[in-house]
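Visitor: Supplied in structure tokens, the structure appears directly below.
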Amino acid sequence: TFEAERSSQNDIMRSIVRQLATSKHSPGKIHDAVFSAFEQRRLEAKLSGFDLRKLKLEECVNLILEITQPNPAVIVIDAIDEVSKDGQSILLNALKAITSKSANVMKVFVTTRTNSHILALVDIDLTIRVDRKNVKDDIQKLTKHLLTLAIDEKRLLRGNVSDPLRTELENSLVQSAGEM
13 TFEAERSSQN DIMRSIVRQL ATSKHSPGKI HDAVFSAFEQ RRLEAKLSGF DLRKLKLEEC
73 VNLILEITQP NPAVIVIDAI DEVSKDGQSI LLNALKAITS KSANVMKVFV TTRTNSHILA
133 LVDIDLTIRV DRKNVKDDIQ KLTKHLLTLA IDEKRLLRGN VSDPLRTELE NSLVQSAGEM
């Protein structure tokens, strides 16, 4: 993928911890459990002379459970198919552990392109399938809008796009979008 941190289950879990550990209501404040974990790792690094160790996946799971204990939370992960195959299993199992062990309401939404490996890992009763048929009209509207914008702003062929070319571009873009 273009974003390396999106392809690592560990980086994704650390990102979730980071997002849950802060609050827009208290800018600059970090959840006490996360701050304590940081201080412990900082001390370990100082004593060992090594760099600060990143949180491990299990540590992230425990911190997420602690952070969300008093409050419900929603976790959204887009494009889980961008994670390595082994990482998908590890990440989904970690998310299952979080939802099953959580003392509060925990909702997890994950998106993926059609992927039999991922579908085999999740409870089929808890899935919502969105395919090309479901999103075709939306893709067509968005494509038409963005193409019109690019032409009007002269970002595409300096705005000199014939109607037949415009139609061909729209059709090609919609066709290649698939289920996106």
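Counting in the numbering used here, the sequence shown runs from 13 upward without gaps. Each residue gets a CB set at the ideal place from its N, CA and C atoms; glycine is no exception.
#1: Of the choices I110, F121, L67 and I79, whose alpha-carbon is the least far from that of D90?
#2: Is G40 helix, strand or coil by DSSP?
#3: Comparing C-alpha positions only, which one of L168, L185 and L177 sits nearest to K148?
#4: Suppose the cutoff is 8 Å on Cβ atoms and the five residues either side in sequence are ignored; what does the same chain contact list for R26 look like?
#5: In terms of alpha-carbon separation, which member of P39, R144, I130 and E51 lies closest to S96?
#6: So, is A132 buried or exposed, given that buried needs 16 or more other C-beta atoms within 10 angstroms?
#7: Classify Q52 as buried or exposed, calling it buried when 16 or more other Cβ atoms lie within 10 Å of its own Cβ.
#8: Whose CA, out of R141, E180 and T111, lies closest to the CA of R125?
#9: Does DSSP put F121 in a helix, in a strand, or in coil?
#10: Assuming L103 contacts Q21 (C-beta within less than 8 Å), just tell me the rounded distance between them.
Guide: Quick answer:
#1: F121
#2: strand
#3: L185
#4: K66, L67 and C72
#5: I130
#6: exposed
#7: exposed
#8: R141
#9: strand
#10: 4 Å
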